[in-house]
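The opening position of the sequence shown corresponds to residue 12 in this note's numbering, with each subsequent residue numbered one higher.
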Amino acid sequence: MTAFSDPLGRSYLLDELGTVLLCLDRREEALDAWRHALAIYDEYEGGRAEVIRTWLADYDQEARPPKHGG
Numbered sequence: 012m013t014a015f016s017d018p019l020g021r022s023y024l025l026d027e028l029g030t031v032l033l034c035l036d037r038r039e040e041a042l043d044a045w046r047h048a049l050a051i052y053d054e055y056e057g058g059r060a061e062v063i064r065t066w067l068a069d070y071d072q073e074a075r076p077p078k079h080g081g
């Protein structure tokens, strides 16, 4: 599986053949969907989801709003 975002902010999850399994436009929906997909993939593929886990950590960090003093 491969996960990536395009310059317009759409997020994609592709299988080994390049078939788009998931495409989302909004970050919060995408994060929830990635987490769900990762949980399923981990369960059925014996934890072979490291590429998604790494991407999700990067994407989650990028998606967080900047912190302001408070």
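Beta carbons: idealized from backbone N, C-alpha and C, even for Gly.
### Task
With DSSP as the reference, label L25 as helix, strand or coil.
strand
### Query
Excluding five sequence neighbours on each side, which residues of the same chain lie with their C-beta closer than 8 Å to the C-beta of V31?
Y23, L24, L25
### Message
What residue range does the beta strand (DSSP E) around T30 cover?
### Response
From DSSP, T30 is part of no beta strand (DSSP E); its letter is neither H nor E.
### Query
In whole angstroms, what separates the C-alpha of M12 from that of I51?
Inter-residue distance for M12 and I51 is about 12 Å (C-alpha atoms, whole angstroms).
### Task
Output the distance between the C-alpha atoms of E127 and A14, rounded to the nearest integer angstrom.
No answer is possible for residue 127: it lies beyond the span of the chain, which begins at 12 and ends at 81.
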